[in-house]
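If you're matching them up, the sequences are chains A and B in order.
Here our numbering is used: the first residue of the first sequence is 742, the next is one more, and so on.
Here our numbering is used: the first residue of the second sequence is 497, the next is one more, and so on.
Here a beta-carbon is modelled for each residue, glycine too, at the ideal position from N, C-alpha and C.
All values reported here derive from a predicted model rather than from experimental measurement.
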Amino acid sequence: MSTGDAPARARADVPVAERVIFAMGGGGFTMEPTNPLLDDFVLSLTPAKQPRVLFLPTASGDTTAQINAFQARFADRWCVHEHLSLFRLRDARRSLGEVVLEQDIIYVGGGSMRNLLAIWQAHGLDELLVQAWRAGTVLAGLSAGAMCWFQGGVTRSSGPPEPLAGLGLLDGSLTVHADGEPERLPVWLASVRDGTLPGGWSLDDGVGLLFRGLRLDRVVSSRPGAGAQRVDQVAGELVRNRLAPELLGDGEPSALGGLDEAVQEMRRVHRMRRGLGERDG
Amino acid sequence: MERDSSLLDDYVLSLTDADRPRVCFLPTASGDADHYVVRFYRRFAASCDASHVSLFRRDQGTGGVEDDLASHLLAQDLIYVGGGNVVSMLGAWRAHGLDDVLRKAWRKGIVLCGPSAGSLCWFDEALSAFHGAPRSVRGLGMLPYSNCVHYDAEPARRAEYHRFVGDGMRPGFAAEDGVALHFRRTRLKHAVSSRPDGCAYRVEHSADGVVETPLKVTYLGETPAEGPAAGEALAPVIEPASASRRTRARRRTSRRSAAAAAAAASPGERLPASPEPVPA
């Protein structure tokens, strides 16, 4: 089903090498409330001085918890942030095209990969995201919001882990939470071995893959000890290669985001007082 | 599940003919919002075998039904679909195969009902306004009409619906907040309301343009209102308010027959206690 909403203005495509996807196995504001390393890294991926950041909490069903965590993380950072609900905003006057195609960064939360892709498709949002990527918008996400960019991933959307096709912007498959939810890994390995999924990457929580164009550029981590591996099937056998992520911020989370702690605390209290009954968006 | 009235809920329960109906809630259109699920149990758990299906947290053991959703849904007396975004809901249903399960449930005689998105979904076409211009959305199609809800509550909803029907949308039914349309098979049997002045309309294309005909709406409350003008023009729906109405409705709707009750939402359905109103 198409949205029928033409974007306000189509941006020109950028060269392939300038298209950016950052896929996290877990981490960021929903999973690391006191560790902003991955989110600050995401902000650093756009040349925009004051980036426009859009959060898509679709995979969770647009939970208040995810939206609040997003706002808490980005409110004090030098950016313009908003979220897009596909369930709850009745007063949205802008078309999906206008919202999606005018961002510097689109950040996709975790949850049900199956629901995420189906709901995007129902709204025509999958096509808009591809357009955004081609036009140079940074696509970032964790868990379901990371696997969705690849040819496939392993989802627990229906309970037990199972392989599921993604949007296929990036070659290969991805499995997430390799340390936090170890039951996914054997299902992924079996799927790669029997060819259900192409070879790809397995990421621990806190590890992110940075793709420029279709090429893996960097493997970064917010946590000492978190790992990643590349796995391929060669002649029916699995070939595994361990990757060593570079630790962001020298392993010392700068939770203050450049602001004095007292100022930070004051803003937080102010937001809480003002914001408890406030509508999102 | 209007906050201040259980009249529509009581009415739809009466259609099941069961002493203790098995009722399953599908809150998909709200993104499985927790507070909505809680409200469902508060309303239904005492008098029904109540359960819910969450399509977002199937892996988290949060008390919703897991594993074999189809068998569970097909064993219900009533399936209650919550309000929210109809496009997101239909997308998620398809991904989990629930569209086919619900068509089977309808053929099996399970009563299907819901407000707002939970009404639109049963029709062939629905008018949905979400993120910009209103548009036509294809529903599950058990009812071969179009549907428009919140007919009184949203500015311009009426003009938009007329425009769409004029431009070729199927003829159909519009309901104000608090009014429910009760279909048996594909025929409209009753229009009932939790408010004395609730109105519903048949909207169709004719040689003279789009024609809106008020339906006879039966107020379900104890004190019938001083006859709202709405009921008088034409009444394809014939059922005067009376004390024995519910008993007769029960007699008429046998468990074997396919029945669908589609309810339009009241403002109560938009979850005013929550910071996140559920849209149509």
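Could you tell me the distance, in whole angstroms, from the CA atom of GLU765 of chain B to the CA atom of SER502 of chain B?
-> Interpretation of GLU765 of chain B is limited by its pLDDT of 40, a score under 50 that renders its predicted location unreliable; the figure taken from the coordinates is listed afterwards. Roughly 12 Å separates the two Cα atoms.
List the residues of chain A that LEU586 of chain B touches, going by C-beta distances under 7 Å, in chain order.
-> ALA863
Quick one: give me the first and last residue of the beta strand (DSSP E) that ILE847 of chain A is part of.
-> 846-849
Just the C-alpha distance for ALA964 of chain A and GLY766 of chain A, rounded to the nearest angstrom, thanks.
-> The sequence shown places Arg at residue 964 of chain A, not Ala. Their backbone Cα atoms lie some 12 Å apart in a straight line.
Does DSSP classify LYS790 of chain A as helix, strand or coil?
-> coil
Return yes when the Cβ of LEU944 of chain A is within less than 8 Å of the Cβ of LEU979 of chain A, no when it is not.
-> no
Residue from A:ALA806, A:LEU827, A:GLU922, A:VAL960 with nearest C-alpha to VAL841 of chain A | A:LEU827
Please go through the same chain and pick out, in chain order, the residues whose beta-carbon is closer than 8 Å to the beta-carbon of ASP595 of chain B, but skip the five residues on each side of it.
-> LEU586, TRP589, LEU636
Presumed contact (8 Å Cβ cut-off) between THR799 of chain A and VAL879 of chain A, rounded CB distance = Actually they are not in contact, since the Cβ atoms of THR799 of chain A and VAL879 of chain A sit about 18 Å apart, beyond 8 Å.
PRO927 of chain A in three-state terms, based on DSSP = helix
Any C-beta of chain B under 8 Å from that of LEU827 of chain A = yes
What is the C-beta distance between GLN970 of chain A and ARG934 of chain A, in whole angstroms, given that I count them as a contact (C-beta under 8 Å)?
-> That pair is no contact at about 14 Å.
Expressed to the nearest angstrom, what Euclidean distance is found between the alpha-carbon atoms of TYR657 of chain B and LEU623 of chain B?
-> 7 Å
Any idea what DSSP makes of TYR647 of chain B, helix, strand or coil?
-> coil
As assigned by DSSP and simplified to three states, the class of HIS918 of chain A = coil
In its own chain, which residues sit with a C-beta less than 7 Å from the C-beta of LEU869 of chain A, not counting the 5 before and 5 after it?
-> LEU837, GLY838, VAL841, LEU842
Below 7 Å CB to CB, which residues in the same chain sit around ALA758 of chain A once its five sequence neighbours on both sides are set aside?
-> ARG953, GLY954
Under 8 Å, do LEU950 of chain A and GLY893 of chain A count as touching if we go by C-beta distance?
-> no
Take HIS864 of chain A as the anchor and find which of B:PHE619, B:ARG634, B:ARG691 has the nearest alpha-carbon.
-> B:ARG634
Along chain B, which residues have their Cβ under 7 Å away from the Cβ of ILE860 of chain A?
-> SER584, GLY587, ALA588
Looking at VAL597 of chain B and LEU522 of chain B, is the spacing between their C-beta atoms short of 8 Å?
-> no
Cα-Cα separation, LEU930 of chain A to VAL972 of chain A | 8 Å
Would you list, in chain order, the members of the stretch 684-702 of chain B that have their beta-carbon closer than 8 Å to a beta-carbon of chain A?
-> none
Answer yes or no: does any C-beta atom of chain A fall closer than 8 Å to that of ASN643 of chain B?
-> no
Along the stretch 591-603 of chain B, what residues have a CB closer than 9 Å to any CB found in chain A?
-> ALA591, HIS592
Just the Cα atoms here: how many angstroms apart are LEU511 of chain B and VAL607 of chain B?
-> 7 Å
Between the CA atoms of PRO667 of chain B and ASP505 of chain B - distance to the nearest angstrom = 27 Å
With DSSP as the reference, please indicate the residues paired to TRP942 of chain A in a beta bridge.
-> A:LEU915, A:ARG971
THR709 of chain B: which of B:VAL582, B:ALA671, B:ARG539 sits nearest, CA to CA?
-> B:ALA671
Could you pull out every residue in the same chain whose Cβ sits closer than 7 Å to the Cβ of SER743 of chain A, ignoring the five residues on either side in sequence?
-> Low confidence applies here, because SER743 of chain A scores a pLDDT of 42, under 50, leaving its location unreliable and the question unanswered by this model.
Alpha carbon to alpha carbon, what distance is there between GLY977 of chain A and ASN581 of chain B?
-> 45 Å
Return helix, strand or coil for ASN809 of chain A, following the three-state DSSP convention.
-> helix
Are the stretch 817-826 of chain A and the stretch 884-892 of chain A in contact at 8 Å, needing three or more beta carbon pairs?
-> no
Rounded to a whole number of angstroms, what is the C-alpha to C-alpha distance between VAL849 of chain A and VAL533 of chain B?
-> 25 Å
At least one CB of chain B closer than 8 Å to the CB of ASP803 of chain A: is that the case?
-> yes
Nearest residue (CA-CA) to ASP528 of chain B, options B:GLY579, B:ASP564, B:LEU509 = B:GLY579
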